[in-house]
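Last residue of the sequence shown: 1440 in the working numbering, with the numbers rising by one and none dropped.
Cβ atoms here follow ideal geometry from the backbone N, Cα and C, with glycine treated the same way.
Remember, predicted model here, so these are calculated numbers, not experimental data.
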Amino acid sequence: MHLQSRRNILLGTLAWAAGASSLAQSQSAFPTKPVTLIVPYAAGGLTDVLARVVAPALAEKWGQNVLVDNRSGAGTVIGTAAAARAPGDGHTLLMTAFGYTGNQLMVKNLPYDPKALTPLAMVAESPSILYVSARLPVNSVAELIAYGKANPGKLSFASSGNASSPHIAAEMFAGQVGLQIVHVPYRGNGPAITDLVGGQVDALFDSPATMVHVASGKLKALGIGSQTPNARAPGVVPISQQGIPALAKFSAGGWFGMFLPTATPQALQQKLQADVRAVLETREVREGLSKAGVDPRVMTQPEFVAYLQHDLAYWGPIIRERNIRID
1114 MHLQSRRNIL LGTLAWAAGA SSLAQSQSAF PTKPVTLIVP YAAGGLTDVL
1164 ARVVAPALAE KWGQNVLVDN RSGAGTVIGT AAAARAPGDG HTLLMTAFGY
1214 TGNQLMVKNL PYDPKALTPL AMVAESPSIL YVSARLPVNS VAELIAYGKA
1264 NPGKLSFASS GNASSPHIAA EMFAGQVGLQ IVHVPYRGNG PAITDLVGGQ
1314 VDALFDSPAT MVHVASGKLK ALGIGSQTPN ARAPGVVPIS QQGIPALAKF
1364 SAGGWFGMFL PTATPQALQQ KLQADVRAVL ETREVREGLS KAGVDPRVMT
1414 QPEFVAYLQH DLAYWGPIIR ERNIRID
């Protein structure tokens, strides 16, 4: 081999080694500045609450502040787009929920490519419970259906916003049993619950955290959207198991998870996933999530990816059938 060829090979090897060393050093040094955790929902909502449970634990692990940045609006499009455009250096993460899936189904021209974001870690799940006002003269799902059919177009379902998961759960429920309902969207589940308790609206699909109003007698819980009973809702029977054939496969609930820019190097993604997973398995974080009314759920990256693919396949038909669109 010629001397010049040997020299070129040597120089190339050294350059590759230097690059690999630099990448390894940047990953081992992560983070080099505060990390931003974007939440595309308003402050005070459940996704925001969960982000503020996880952020301090990650800050302690990384030795850097983890700043929760609420960027709500346009059905989570604004905050999600900001995360999708962020540099792939691990210093910008996204904490989101159903909006990530919903945007792909309900927005024709997204201002970002969904492939620009990669699922990092599932954080928690929350089965939806069908709540009704204590003033409504029904005590079971069957009685609610009978009431709705006897009063077509009068049974109102609140939601935390147009195209939100409670809205879509209500539309799926109504479609499967042949009900005409009135959808009443609110800016968040807080105002929706307030009006449900006050009797201004009739029904709402919401998380087990709202069971506190059942205990006080202000609401009634008719069924839960999981396939099995949930300890957070003692005595509430799954909707799919209440002997109504049209609802035999009914399932409704929410998920919460973290994403990051796809441009993030794979080795750094693996580090971040391991760090997030370790934090999610700590007693403090699990207790914080449970206190917020959700079920902690730890998954590998491939498992989370598969979960989201199922989510798209499950909700897609009802969204297209009912022509649900984000305002």
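With DSSP collapsed to three states, give me the class of residue i.
i	result
Val1179	strand
Phe1270	strand
Ala1316	strand
Phe1143	coil
Lys1262	helix
Gly1132	Only weak support exists for where Gly1132 lies, its pLDDT of 43 falling under 50; the value from the coordinates is given anyway. Reduced to three states, the DSSP call for Gly1132 is helix.
Lys1153	Just to set this straight, residue 1153 is Pro in the shown sequence, not Lys. Residue state, collapsed to three classes: coil.
Ile1073	Residue 1073 lies beyond the range of the chain shown here (1114 to 1440); nothing can be said about it.
Val1411	coil
Ser1246	strand
Val1148	strand
Gly1367	strand
Pro1342	coil
Pro1374	strand
Pro1200	coil
Pro1169	helix
Pro1351	strand
Ile1437	coil
For residue i, which residues from the same chain have a beta carbon less than 7 Å from its beta carbon, with the 5 sequence-adjacent residues on both sides left out?
i	result
Trp1428	Thr1214, Leu1218, Ile1281
Gly1312	Ser1246, Arg1248
Arg1438	Met1219, Ala1276
Leu1385	Gly1203, Leu1233, Leu1373
Arg1433	none
Gly1401	Val1166
Lys1362	Ser1353
Met1371	Leu1206, Leu1207, Met1208, Leu1233, Ala1234, Val1236, Val1389
Round the Cβ separation of residue i and residue j to the nearest angstrom and send it over; I've been treating them as touching at under 8 Å.
i	j	result
Val1236	Leu1393	6 Å
Tyr1420	Thr1323	No, Tyr1420 and Thr1323 are not in contact; Cβ-Cβ is about 24 Å, not under 8 Å.
Val1407	Leu1163	7 Å
Thr1160	Phe1369	6 Å
Gly1188	Ile1151	Actually they are not in contact, since the Cβ atoms of Gly1188 and Ile1151 sit about 15 Å apart, beyond 8 Å.
Gly1288	Arg1435	6 Å
Ala1197	Ala1229	4 Å
Ser1241	Gly1366	5 Å
Ile1337	Val1349	5 Å
Counting only the same chain and skipping the five closest in sequence on each side, list residues whose C-beta sits under 6 Å from that of residue i.
i	result
Leu1249	Asp1315
Val1327	Ala1334
Ser1272	Pro1279, His1280, Pro1298
Ala1172	Asn1178, Val1179
Ser1320	Ser1239, Gly1406
Met1285	Ile1431
Ala1137	Residue confidence for Ala1137 is low, a pLDDT of 46 falling below 50, so the modelled location carries little weight; the figure read from the coordinates is stated next. Taken in chain order, the list of residues that qualify is empty.
Thr1149	Leu1180, Asp1182, Thr1205
Ser1139	Unreliable placement is indicated for Ser1139, whose pLDDT of 45 sits below 50; no coordinate value is reported for it.
Take residue i and list the residues in its own chain whose beta-carbon comes closer than 8 Å to its own, dropping the five residues that flank it on each side.
i	result
Leu1223	Val1190, Ala1194, Asn1216, Gln1217
Val1411	Ala1234, Met1235, Arg1390, Leu1393, Glu1394
Leu1425	Thr1214, Gln1217, Leu1218
Gly1330	Ala1247
Residue i lies in the beta strand (DSSP E); which residues open and close that run?
i	result
Glu1238	1230 to 1240
Val1220	Val1220 -> no beta strand (DSSP E), and no H or E assigned at all.
Leu1206	1205 to 1209
Gly1192	Counting along the chain, Gly1192 falls outside any beta strand (DSSP E), though it belongs to the alpha helix (DSSP H) covering 1190 to 1197.
Could you give the residue range of the alpha helix (DSSP H) that holds residue i?
i	result
Asp1388	1379 to 1393
Ala1426	1414 to 1434
Pro1304	1302 to 1311
His1280	1278 to 1290
His1296	Element bounds for His1296: not the alpha helix (DSSP H) but the beta strand (DSSP E), 1294 to 1298.
Gly1401	1396 to 1404
Val1325	1324 to 1328
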